[in-house]
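With my numbering, the residue at position 168 of the sequence shown is 168, and numbering never jumps. We treat Cβ as the ideally placed atom computed from N, Cα and C, and that holds for glycine. Nothing here was measured: the structure is a model prediction, and the numbers come from that model.
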Amino acid sequence: MLSLTPRRHAGRALSALLAAAGLLAATAGTARPAEAQNYDLVIRGGILVDGSGRQARAADIAIDDGRIVTVGDLGQSTADRVIDATGRHVFPGFIDTHSHAMPALLRDELRTARPLLAQGITTIFVNPDGGGTVDLADQRARIRDPGVGVNVAQFVGHGSVRRAVLGMQAREATPEELDRMRAMVRDGMSGGAFGLSSGLYYSPGSYAPTGEVVELAKMAAEFGGVYQSHIRDESDYSIGLLGAVDEVIEISRGSGITGVVTHIKALGPRVWGQSADVVSHIEAARAEGLAVYADQYPYEASGTSIVGALVPRWALAGDDGALYTRMQNPAERTRLVADMWENLDRRGGADRLMLQGGPHGGRTLQDVADDRGTDAVETALALLVEARDGGGGTGLTSFNMNDEDIERFMSQPWMMTSSDGSLWVPGEGHPHPRGFGAFPRRIRKYVLEEGVTTLEQAIHAMTALPARIYGIEGRGVLEPGAFADVLVVGLDGFRDTATYEDPHGLAEGVEYALVNGTLAIDAGRFTDALAGEALVKTR
């Protein structure tokens with residue numbers, strides 16, 4: 001394992017300062033060969049796609065003390081370690097703007113983050129969808145000691161904040177409660193969070209009016225934060241897909257914050273084709289001067305749970321266990337069942353819902369219902385009870401998108417890439433494959449095979465664009481002064497192997513991956529270095 005620890009050589013301090021100031025040549029064809037000297041690490045002969053969106057070019061990279069110091073022709077310079085990248089592509093480490101890897105990343109057997117690194121991911125954003133812990137300081141400490149394999153940036157979760165103050169009550173906050181929520185957002189942001197996440201589709205976020213979110217977004221905006229939202233409706237559950245996108249725009253307008261529609265999609269046959277209108281609404285907001293963006297994972301299936309997909313939000317309001325109490329009330333059960341049938345139709349039917357965990361992992365809800373001789377909704381309710389009693393999982397992979405919408409969203413210049421994936425113990429459960437293959441799939445399927453975008457645009461969407469939007473200083477680019485999060489990839493072999501049927505396959509093709517200058521993948525082998533940092537947002 002190569003770990004670049006602080007060292008000093010004659011002339012290197014000056015070179016690093018000049019490089020950080022952008023005074024050293026960085027472009028092949030115009031740069032003179034660098035004065036010969038010795039570096040910690042040199043990557044020679046690679047094809048650089050530097051994250052900026054500029055055309056790929058041939059160049060070398062020199063790294064010292066965990067940062068890139070020179071990009072260009074390194075001439076006769078030497079290094080303690082040289083990587084021959086001839087015929088390979090060199091990218092900045094990928095930034096996953098929406099990850100559910102916490103808290104699994106804090107488990108000893110998963111801290112090394114192999115499934116993430118195999119995809120080329122070197123930085124993740126956690127606590128998405130309005131969830132996660134409200135004690136970000138504790139989470140940050142647990143990331144740093146004993147360490148993790150990738151960099152971690154935190155969100156303050158709106159739903160978690162609301163639940164800490166109001167529980168699962170389906171009502172507006174009082175002025176005093178809103179002040180308490182403001183204080184919690186302020187504490188998280190002042191401690192270094194990068195923004196406010198919401199899950200207005202989920203409970204308890206769904207019980208919050210738009211005005212509440214505007215007020216909390218104002219607090220995040222004071223610290224330069226971003227508002228990322230799992231929008232209130234990706235289909236026609238409540239206000240509709242377009243109404244939910246417009247809500248993000250309204251929150252951005254009302255608070256002055258940058259707004260991001262996370263894992264954007266048109267969910268279910270009822271709203272297929274609405275991607276064109278969504279794009280039009282976002283373009284209009286951007287023309288107005290609002291900073292509105294989106295991210296996307298490159299799959300036709302989403303991931304949620306039986307509760308998330310089928311159970312109406314009114315049935316979750318109240319004390320813990322309220323749903324199960326309502327199941328026992330004949331009148332409320334009748335209403336619940338009727339609403340669940342409607343939601344099942346929105347998802348396209350029970351044969352489009354694949355269970356992720358428990359004894360039925362990998363089988364559809366319809367398969368289980370057929371085996372039991374009950375209908376799909378009664379089966380779903382029974383599975384919820386069994387899970388409560390320790391008898392299985394309720395996660396779902398939901399096949400509900402079409403290619404036309406996916407490609408239209410993907411081709412937008414304001415679109416980032418995310419995984420929405422989780423970390424799983426190898427062979428455990430039947431997860432959505434996005435946690436193992438989202439980033440190589442974006443390149444393999446939609447660049448190399450289908451040509452939906454160029455390679456340069458795809459890498460930009462994975463690196464410099466999210467770094468700029470979220471304000472991650474020194475990441476997402478291959479340029480002097482940047483942190484050395486760097487990938488060397490054999491593009492012909494860069495591919496996802498995880499499938500819906502066999503979802504645990506690690507991605508292939510990343511030959512070298514550096515995190516903060518330390519090799520996490522070396523000649524195709526994991527080093528299991530814990531070189532990631534708990535990133536802190538600077539105002």
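**Request:** On a CA-only basis, which of D403, T394, V536, R346 is nearest V452? Give me that one, please.
**Result:** The residue given as residue 452 occupies position 452 in the sequence shown. D403 is the residue among D403, T394, V536, R346 whose C-alpha sits nearest the C-alpha of V452.
**Message:** Given a cut-off of 8 Å on the beta-carbon distance, is the pair V49 and A62 in contact?
**Reply:** Indexing the sequence shown from 1 puts residue 49 at position 49. Indexing the sequence shown from 1 puts residue 62 at position 62. The answer is no: Cβ separation not under 8 Å.
**Request:** Indicate whether the contact test is met: 3 or more Cβ pairs, each with one atom in the region 316 to 330 and one in the region 464 to 482, closer than 8 Å.
**Result:** Under the 8 Å Cβ criterion, the region 316 to 330 does not count as touching the region 464 to 482, having fewer than three qualifying pairs.
**Request:** Note down the Cα distance separating R253 from A498, rounded to an integer number of angstroms.
**Result:** As a first step, residue 253 must be located in the sequence shown, where it is residue number 253. As a first step, residue 498 must be located in the sequence shown, where it is residue number 498. Each residue's alpha carbon lies about 40 Å from the other.
**Item:** D367, DSSP secondary structure in three states
**Value:** Here residue 367 is taken as the residue at index 367 of the sequence shown, counted from 1. Here DSSP, grouped into helix, strand and coil, assigns D367 to helix.
**Message:** Can you give me the C-alpha to C-alpha distance between M184 and S160, rounded to a whole angstrom?
**Reply:** Walking along the sequence shown from the start, residue 184 turns up at place 184. Walking along the sequence shown from the start, residue 160 turns up at place 160. Each residue's Cα considered, the two are about 10 Å apart.
**Reduced DSSP secondary structure (H/G/I, E/B, other) of S52** = Here the question's residue 52 lines up with position 52 in the sequence shown. In the displayed model, S52 falls within coil according to three-state DSSP, outside both helix and strand.
**Request:** Go ahead and pull the three-state DSSP assignment for P312.
**Result:** Counting from 1 along the sequence shown, the entry for residue 312 is found at position 312. In the structure shown, P312 adopts coil according to DSSP, grouped into three states.
**Message:** I'd like the span of the beta strand (DSSP E) that includes P92, first residue to last.
**Reply:** Taking the first residue of the sequence shown as position 1, residue 92 is located at position 92. Run containing P92: 89 to 92, per the beta strand (DSSP E) assignment.
**Asked** Quick one: any contact between the region 340 to 357 and the region 370 to 377, if contact means 3 or more CB pairs under 8 Å?
**Response** Contact between the region 340 to 357 and the region 370 to 377 is present, because at least three Cβ pairs lie under 8 Å.
**Asked** Just the Cα atoms here: how many angstroms apart are T527 and V510?
**Response** As a first step, residue 527 is located in the sequence shown; it is residue number 527 there, counting from the start. As a first step, residue 510 is located in the sequence shown; it is residue number 510 there, counting from the start. Cα to Cα, the separation comes out at about 13 Å.
**Request:** Please state whether DSSP places G493 in a helix, a strand or coil.
**Result:** Position 493 of the sequence shown, counted from the start, is the residue given in the question as residue 493. In the structure shown, G493 adopts helical secondary structure according to DSSP, grouped into three states.
**Prompt:** Quick one: what's got a C-beta closer than 8 Å to E332's C-beta in the same chain, skipping five residues either side?
**Reply:** On the sequence shown, position 332 is the one that residue 332 refers to. Residues of the same chain with a CB within less than 8 Å of the CB of E332, apart from the 5 flanking positions on each side, are A315, R326 in chain order.
**Request:** Just the C-alpha distance for A523 and R67, rounded to the nearest angstrom, thanks.
**Result:** By 1-based counting over the sequence shown, the position of residue 523 is 523. By 1-based counting over the sequence shown, the position of residue 67 is 67. Straight through space, the alpha carbons of R67 and A523 are spaced by roughly 20 Å.
**Request:** Return the residue from the list G131, D129, F155 that minimises the CA-CA distance to R140.
**Result:** In the sequence shown, counting from the first residue as 1, residue 140 sits at position 140. If you compare the alpha carbons of G131, D129, F155 with that of R140, the shortest gap goes to F155.
**Asked** By how many angstroms is the C-alpha of I249 removed from the C-alpha of R286?
**Response** Position 286 of the sequence shown, counting from 1, holds the residue named residue 286. Position 249 of the sequence shown, counting from 1, holds the residue named residue 249. Near 9 Å, if we compare the C-alpha coordinates of I249 and R286.
**Prompt:** With distances taken from CA atoms, which of P480, A467, P503 is nearest F540?
**Reply:** Any answer about residue 540 is impossible in this case: the structure gives the chain only from 1 up to 539.
**Request:** Measure from the alpha carbon of S206 to the alpha carbon of each residue in Q228, A317, Q356, V71, then state which is nearest.
**Result:** Taking the first residue of the sequence shown as 1, we reach residue 206 at position 206. Closest by C-alpha distance to S206, out of Q228, A317, Q356, V71, is A317.
**Prompt:** DSSP state of E473, grouped into three classes?
**Reply:** Working through the sequence shown from its first residue, we reach residue 473 at position 473. Correct three-state label for E473: coil.
**Item:** Touch test, the region 421 to 439 against the region 97 to 107, Cβ-Cβ under 8 Å, three pairs minimum
**Value:** Short answer: they touch.
**Message:** Given this structure, state the Cα-to-Cα distance separating G236 from R408, to the nearest angstrom.
**Reply:** As a position in the sequence shown, residue 236 is number 236, starting the count at 1. As a position in the sequence shown, residue 408 is number 408, starting the count at 1. Correcting the residue type first, residue 236 is Asp in the shown sequence and not Gly. Distance between D236 and R408, taken at the CA atoms: about 20 Å.
**Asked** For T258, which residues of its own chain have a beta-carbon under 6 Å away from its beta-carbon, when the five flanking residues on both sides are left out?
**Response** Taking the sequence shown and counting its residues from 1, one reaches residue 258 at position 258. Non-local beta-carbon contacts of T258 in its own chain, meaning distances under 6 Å to residues more than five positions away in sequence, involve V226, A291 in chain order.
**Asked** Could you give the uninterrupted runs of the beta strand (DSSP E) lying entirely in the region 143 to 219, keeping only those of 3 residues or more?
**Response** With a minimum length of 3 residues, the continuous beta strand (DSSP E) runs that stay inside the region 143 to 219 are 151 to 154, 195 to 199.
**Asked** Would you report the Cα separation of V489 and H89, rounded to the nearest angstrom?
**Response** Working through the sequence shown from its first residue, we reach residue 489 at position 489. Working through the sequence shown from its first residue, we reach residue 89 at position 89. Each residue's Cα considered, the two are about 5 Å apart.
**Request:** Under the assumption that G51 contacts T463 (Cβ atoms under 8 Å), give the Cβ distance between them as a whole number of angstroms.
**Result:** Here residue 51 is taken as the residue at index 51 of the sequence shown, counted from 1. Here residue 463 is taken as the residue at index 463 of the sequence shown, counted from 1. Yes, they are in contact, since the Cβ atoms of G51 and T463 sit about 4 Å apart, within 8 Å.
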